[in-house]
Amino acid sequence: MAPRILLDATAVPADRGGLGRYVDGLLSALHALGADLAVACQRADEKRYGQLAPGARIVAGPAALAHRATRLAWEQTGLPHVADSVAADVIHLPTYTMPVSAVRPTVVTIHDVTLFAEPEVHDPVRTTYVKSATRTAARRATRLIVPSRATRDELVRILGADPEHIDVAYHGVDHEVFHRPSEAEVKQVSDRLGLHDRPYVAYLGALEPRKNVPNLIRGWVRACSGLEDPPALVLAGGGGWDDEVDAAMATVPPRLRVLRPGYLPWPSLPGFFGGALVVALPSRGEGFGLPVLEAMACGAPVLTTRRGPLPEVGGDAVAYTEPDPEGIASALTALSGDPARRAGLAEAAYTRSLEFTWTASAEAHMASYERAIRQYEASHGRGPASATH
Numbered sequence: 001m002a003p004r005i006l007l008d009a010t011a012v013p014a015d016r017g018g019l020g021r022y023v024d025g026l027l028s029a030l031h032a033l034g035a036d037l038a039v040a041c042q043r044a045d046e047k048r049y050g051q052l053a054p055g056a057r058i059v060a061g062p063a064a065l066a067h068r069a070t071r072l073a074w075e076q077t078g079l080p081h082v083a084d085s086v087a088a089d090v091i092h093l094p095t096y097t098m099p100v101s102a103v104r105p106t107v108v109t110i111h112d113v114t115l116f117a118e119p120e121v122h123d124p125v126r127t128t129y130v131k132s133a134t135r136t137a138a139r140r141a142t143r144l145i146v147p148s149r150a151t152r153d154e155l156v157r158i159l160g161a162d163p164e165h166i167d168v169a170y171h172g173v174d175h176e177v178f179h180r181p182s183e184a185e186v187k188q189v190s191d192r193l194g195l196h197d198r199p200y201v202a203y204l205g206a207l208e209p210r211k212n213v214p215n216l217i218r219g220w221v222r223a224c225s226g227l228e229d230p231p232a233l234v235l236a237g238g239g240g241w242d243d244e245v246d247a248a249m250a251t252v253p254p255r256l257r258v259l260r261p262g263y264l265p266w267p268s269l270p271g272f273f274g275g276a277l278v279v280a281l282p283s284r285g286e287g288f289g290l291p292v293l294e295a296m297a298c299g300a301p302v303l304t305t306r307r308g309p310l311p312e313v314g315g316d317a318v319a320y321t322e323p324d325p326e327g328i329a330s331a332l333t334a335l336s337g338d339p340a341r342r343a344g345l346a347e348a349a350y351t352r353s354l355e356f357t358w359t360a361s362a363e364a365h366m367a368s369y370e371r372a373i374r375q376y377e378a379s380h381g382r383g384p385a386s387a388t389h
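Numbering (full-length UniProt numbering), first residue to last: 1 to 389.
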């Protein structure tokens with residue numbers, strides 16, 4: 001009989017973001033595979049998850065879970081009670097925290113360890129807690145899931161995690177949401193941004209140091225020098241922090257145009273990515289690089305770096321640069337002046353994106369859950385919930 005999986009989705013923020021896309025894609029694919037699911041979530045997400053996984057038992061927590069401190073405390077005390085009430089065989093926590101008193105197999109997803117490798121590019125307020133929680137998960141979780149081989153290797157190198165207890169499960173991409181856009185979709189986004197068919201370089205993500213937005217701005221400025229009709233730079237997304245962004249913005253000449261539209265609606269993302277001259281995501285550190293894959297699925301020519309797992313995602317279907325302004329400027333100049341290469345990259349990117357599906361990711365997750373149960377039973381005997389259904 002299939003194991004009953006309790007997925008803790010309470011950490012998904014209101015803006016969804018990368019964690020929301022991961023949980024949504026995984027949950028829908030697990031349901032399609034016939035998994036026996038229970039989902040703990042915030043009240044605002046109860047209907048959403050019920051629609052994504054009809055037949056799953058949805059357990060909405062208290063309203064106060066919208067506050068991070070309350071959620072973290074509830075995870076230690078309330079989540080184990082939910083696991084008991086739904087007779088879960090395994091608990092999956094899709095981010096770095098876990099209840100330390102869980103008396104059943106526990107699988108934790110560690111998305112990246114860039115905070116350990118480059119702590120200076122992270123919000124110092126969160127650094128101490130996140131590092132402590134990640135160490136706890138690496139030590140106490142029955143198994144860990146990571147989205148790339150590079151992240152697995154960093155977990156082993158930096159935290160001494162047991163590689164035999166780590167499973168790699170690549171993210172997928174929803175090819176219905178992220179698709180090659182029609183001309184109408186491209187025009188709608190361009191007009192909404194006030195560009196009206198003018199060329200632009202696209203970025204989507206948080207404005208945090210590891211995303212390397214200041215160097216993208218500086219590199220774009222250099223690439224535009226001398227151009228009669230320079231492309232605009234559109235920095236979409238929000239959240240995070242980076243004190244250097246404003247400093248870099250101050251160096252932008254008046255004749256160049258930078259747009260910061262904030263969060264873009266999901267339906268507009270294919271037009272945003274697919275309509276760009278280049279999608280530039282020159283990150284200094286990632287656990288996977290979901291926006292790179294999503295831009296590829298939209299048939300966009302993508303420029304990124306060879307840092308961490310990004311080559312695992314992009315392969316030979318994207319262009320690469322060093323993360324410094326000079327490298328970014330050189331790469332943008334080369335791509336901007338070579339329509340044939342952009343078209344070739346766009347086609348290759350779309351084709352490669354088809355290899356990344358949430359179904360394949362869900363299958364890898366299911367295998368990890370089953371390993372966790374066997375591993376737990378071998379060391380502890382059968383858990384309290386395992387004989388109840």
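Idealized CB from N, CA, C, for every residue including glycine.
Please read these numbers as outputs of a predicted model, since none were measured by experiment.
Checklist entry - For the candidate residues Arg4, Ile158, Leu277, whose alpha-carbon lies nearest to that of Arg104? => result For the purposes of this step, residue 104 is identified with residue 104 of the sequence shown, where counting begins at 1. Selected option, being the one with the closest Cα: Arg4.
Checklist entry - Among Ala169, Lys211, Ala117, which one has its Cα closest to the Cα of Tyr369? => result Taking the sequence shown and counting its residues from 1, the one referred to as residue 369 is at position 369. Taking only the C-alpha atoms, the option nearest Tyr369 is Ala169.
Checklist entry - Using the rule of at least 16 other Cβ atoms within 10 Å of the residue's Cβ for burial, across every protein chain shown, is Trp74 buried or exposed? => result Position 74 of the sequence shown, counting from 1, holds the residue named residue 74. It is buried - the Cβ of Trp74 has at least 16 other Cβ atoms within 10 Å.
Checklist entry - Cα-Cα, which of Ser379, Ala378, Ile373 is closest to Asp89? => result As a first step, residue 89 is located in the sequence shown; it is residue number 89 there, counting from the start. Comparing Cα positions, the closest option is Ile373.
Next on the checklist: Buried or exposed, going by whether 16 or more other CB atoms sit within 10 Å of the CB of Ser353?
Outcome noted: As a working note, residue 353 is residue 353 in the sequence shown. Buried: at least 16 other Cβ atoms inside 10 Å.
Checklist entry - Considering only residues of the same chain and omitting the five flanking positions on each side of Glu294, which have a CB-CB separation below 6 angstroms? => result Counted from its first residue, the sequence shown places residue 294 at position 294. So the list reads Val173, Phe178, once near-sequence residues are dropped.
Next on the checklist: Rounded to the nearest angstrom, what separates residue 396 and Thr151 at their Cα positions?
Outcome noted: Given a span of 1 to 389 for the chain in the structure shown, any question on residue 396 remains unanswerable.
Checklist entry - Can you find a C-beta in chain C that's less than 7 angstroms from the C-beta of Leu259? => result Absent from the structure is chain C; it holds one protein chain and no more.
Item to check | Anticipated Cβ contact below 8 angstroms, Pro311 with Phe288, distance rounded | outcome: In the sequence shown, the residue the question calls residue 311 occupies position 311. In the sequence shown, the residue the question calls residue 288 occupies position 288. With a Cβ gap of about 12 angstroms, Pro311 and Phe288 do not count as contacting.
Next on the checklist: Run through the DSSP bridge pairs and tell me what Asp36 is partnered with.
Outcome noted: Taking the first residue of the sequence shown as position 1, residue 36 is located at position 36. For Asp36, which the question treats as bridged, DSSP gives the partners Arg4.
Checklist entry - Nearest to Ala133 by CA position, among Val108, Ala117, Leu19, is which residue? => result Taking the first residue of the sequence shown as position 1, residue 133 is located at position 133. Ala133 has its Cα closest to that of Val108, out of Val108, Ala117, Leu19.
Item to check | Other residues of its chain near Cys224: CB distance less than 6 angstroms, five sequence neighbours each side excluded | outcome: Residue numbering aside, residue 224 sits at position 224 when the sequence shown is read from its first letter. So the qualifying residues of the chain are Pro230, Leu256.
Item to check | Collapsed DSSP secondary structure at Leu19 in the structure displayed | outcome: Your numbering for residue 19 matches position 19 in the sequence shown. Helix, per DSSP.
Item to check | Residues bridged to Cys41 [DSSP beta-bridge criterion] | outcome: Position 41 of the sequence shown, counting from 1, holds the residue named residue 41. Beta-bridge pairing links Cys41 to Ala60.
Checklist entry - So Asn212 and Arg284 are in contact, right, with Cβ under 8 angstroms, and what is the actual spacing, rounded? => result Mapped onto the sequence shown, residue 212 falls at position 212. Mapped onto the sequence shown, residue 284 falls at position 284. Contact flag correct, Cβ pair sits at about 5 angstroms.
Next on the checklist: Helix, strand or coil for Gln375? Go by DSSP, reduced to three states.
Outcome noted: Indexing the sequence shown from 1 puts residue 375 at position 375. Three-state DSSP puts Gln375 in a helix.
Checklist entry - Would you call the CB atoms of Val201 and Trp220 closer than 7 angstroms? => result Taking the first residue of the sequence shown as 1, we reach residue 201 at position 201. Taking the first residue of the sequence shown as 1, we reach residue 220 at position 220. Yes, the Cβ-Cβ distance between Val201 and Trp220 is below 7 angstroms.
Checklist entry - Any idea what DSSP makes of Gly287, helix, strand or coil? => result For the purposes of this step, residue 287 is taken as the residue at position 287 of the sequence shown. Residue state, collapsed to three classes: coil.
Checklist entry - On the three-pair Cβ rule with 8 angstroms, is the segment 180–198 touching the segment 313–321? => result no
Next on the checklist: Rounded to the nearest angstrom, what separates Pro181 and Trp266 at their Cα positions?
Outcome noted: Residue mapping note: residue 181 aligns to position 181 of the sequence shown, counting from 1. Residue mapping note: residue 266 aligns to position 266 of the sequence shown, counting from 1. Looking at the two C-alpha atoms, the distance is approximately 13 angstroms.
Item to check | Any 3 or more C-beta pairs closer than 8 angstroms across the segment 235–251 and the segment 332–351 | outcome: no
Next on the checklist: Nearest by alpha-carbon distance to Ala63: which of Ala44, Arg57, Leu72 is it?
Outcome noted: Counting from 1 along the sequence shown, the entry for residue 63 is found at position 63. For the residues Ala44, Arg57, Leu72, the minimum Cα distance to Ala63 belongs to Ala44.
Next on the checklist: Tell me the DSSP secondary structure of Tyr320 in three-state form.
Outcome noted: One-based indexing of the sequence shown puts residue 320 at position 320. Residue state, collapsed to three classes: strand.
Checklist entry - Which two residues bound the contiguous alpha helix (DSSP H) that contains Ile158? => result Taking the first residue of the sequence shown as 1, we reach residue 158 at position 158. That run of the alpha helix (DSSP H) goes 149–159.
Next on the checklist: What would DSSP say about Arg210, mapped onto helix, strand or coil?
Outcome noted: Counting from one through the sequence shown, the residue named residue 210 turns up at place 210. Annotated three-state conformation of Arg210 is helix, per DSSP.
Checklist entry - Do you know offhand how far Ala387's Cα is from Leu37's? => result Residue mapping note: residue 387 aligns to position 387 of the sequence shown, counting from 1. Residue mapping note: residue 37 aligns to position 37 of the sequence shown, counting from 1. Below a pLDDT of 50, predicted positions are generally treated as unreliable, and Ala387, at 41, falls in that range; the measurement from the model is reported next regardless. Here the alpha carbons of Leu37 and Ala387 stand approximately 17 angstroms from one another.
Item to check | CA-to-CA distance, Asp167 to Asp153, given in whole angstroms | outcome: Taking the first residue of the sequence shown as position 1, residue 153 is located at position 153. Taking the first residue of the sequence shown as position 1, residue 167 is located at position 167. So the alpha carbons of these two residues sit roughly 11 angstroms apart.
Item to check | Straight-line gap, Asp15 to Ala2 (C-alpha atoms, nearest Å) | outcome: As a working mapping, residue 15 is identified with position 15 in the sequence shown. As a working mapping, residue 2 is identified with position 2 in the sequence shown. Their backbone Cα atoms lie some 33 angstroms apart in a straight line.
Checklist entry - From which residue to which residue does the alpha helix (DSSP H) around His92 run? => result Here residue 92 refers to the residue found at position 92 of the sequence shown. Counting along the chain, His92 falls outside any alpha helix (DSSP H), though it belongs to the beta strand (DSSP E) covering 90–93.
Checklist entry - So the beta strand (DSSP E) Thr77 belongs to, where does it begin and stop? => result As a first step, residue 77 must be located in the sequence shown, where it is residue number 77. Unbroken run through Thr77 is the alpha helix (DSSP H), 68–85; no beta strand (DSSP E).
Item to check | Close Cβ partners of Val12 (< 6 angstroms) along its chain, the five nearest in sequence each way excluded | outcome: Mapped onto the sequence shown, residue 12 falls at position 12. Around Val12: Leu19, Gly20, Val23.
Checklist entry - Measuring CB to CB, does Pro270 end up less than 7 angstroms from Pro323? => result If you number the sequence shown from 1, residue 270 lands on position 270. If you number the sequence shown from 1, residue 323 lands on position 323. Taking 7 angstroms as the Cβ cut-off, Pro270 and Pro323 do not qualify as a contacting pair.
Next on the checklist: By alpha-carbon positions, which one of Val278, Val113, His175 ends up nearest to Arg307?
Outcome noted: Your numbering for residue 307 matches position 307 in the sequence shown. It is Val113.
Checklist entry - What residues match up with Trp167 in a beta bridge as DSSP calls it? => result Along the sequence shown, read from residue 1 onward, the residue named residue 167 stands at position 167. Per the sequence shown, residue 167 should be read as Asp rather than Trp. DSSP, once it has assigned bridges, lists Ile145 as partnering Asp167.
Checklist entry - From which residue to which residue does the beta strand (DSSP E) around Val189 run? => result Taking the first residue of the sequence shown as position 1, residue 189 is located at position 189. First-last for Val189: 183–192, but that is the alpha helix (DSSP H), not the beta strand (DSSP E).
Checklist entry - If we count the other Cβ atoms within 10 Å of its Cβ and call it buried at 16 or more, is His380 buried or exposed? => result As a position in the sequence shown, residue 380 is number 380, starting the count at 1. His380 is exposed by the Cβ-count criterion.
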